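K.L.:
Quick one: the structure is below, questions incoming.
Residue numbers (our numbering), protein chains in the order written: chain A, 6 to 123; chain B, 56 to 169.
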């Protein structure tokens, strides 16, 4: 079975440009997470979806960041406008939530998108 | 508040040595879940183990073993007879019961020299 798929794997852009990161979760998983990894702050949860609905976006740094999940097999994380401090590795992860309860299910991570904003 | 502390920033060992990576956690939940992930130089995060708070049995998987002790709030990870391929950053993580937010430790970078 395919794991979590992320694209692009690398993105280099200039400050002020719009960046869109894409994620396809593992088939059958109903929870999706976006994380950001930096040297300074480590791994941070940005937003969490369950059954395509955003449940908690308290980790989204500011209004320049937005995330959508139009269906169970696709999610996007958009940064507009991008800034150099957004440079990081962005991970998408998916898991299952059974019976309406999150029982500490394992999150499976995609390969990440390495973003560099010049 | 929940917290995961991996006090060892970097560890360097010679191949075939045993090495233990420490993880100490803080939570007020009675039900919680602990995880270890490996991040090799290629960058992906690889799931290694999941343990719930009611299961204090130690676990062994090949050269890997995990020691969970609630009394000291620790979930340590030991690699026996380390190999160069074990070189990676290892993350310990905690999810509180009923919640979804997983808190990751800062990671321990392990270098295994041939």
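Note that CB positions come from ideal geometry on N, CA and C, so glycine has one too. Keep in mind that this is a model prediction, so the values were computed, not measured.
Could you give the DSSP three-state label for residue 62/A: helix, strand or coil?
P.N.:
coil
K.L.:
Residues in its own chain within less than 7 Å of residue 138/B by CB, not counting five upstream and five downstream?
P.N.:
70 and 167
K.L.:
Indicate whether at least one CB of chain A lies closer than 8 Å to the CB of residue 132/B.
P.N.:
no
K.L.:
In angstroms, rounded to a whole number, what distance separates the CA positions of residue 95/A and residue 159/B?
P.N.:
For residue 95/A and residue 159/B, the distance between alpha carbons rounds to 15 Å.
K.L.:
Can you confirm whether residue 114/A, when its beta carbon is compared against all beta carbons of chain B, has any partner nearer than 8 Å?
P.N.:
Yes - at least one Cβ of chain B is within 8 Å of the one on residue 114/A.
K.L.:
Using a C-beta cutoff of 8 Å, does residue 118/A count as contacting chain B?
P.N.:
Answer no: the Cβ-Cβ gap between residue 118/A and chain B never drops below 8 Å.
K.L.:
Can you check DSSP and say which residues form a bridge with residue 100/B?
P.N.:
Residue 100/B is bridged by DSSP to nothing; it lacks a bridge partner.
K.L.:
CA-CA distance, residue 15/A and residue 84/A?
P.N.:
15 Å
K.L.:
Return the Cβ separation of residue 121/B and residue 105/B in integer angstroms, given the expectation that the two are a contact with Cβ distance under 8 Å.
P.N.:
Residue 121/B to residue 105/B, Cβ: 10 Å. No contact.
K.L.:
Indicate whether residue 162/B and residue 144/B have their beta-carbon atoms separated by less than 8 Å.
P.N.:
yes
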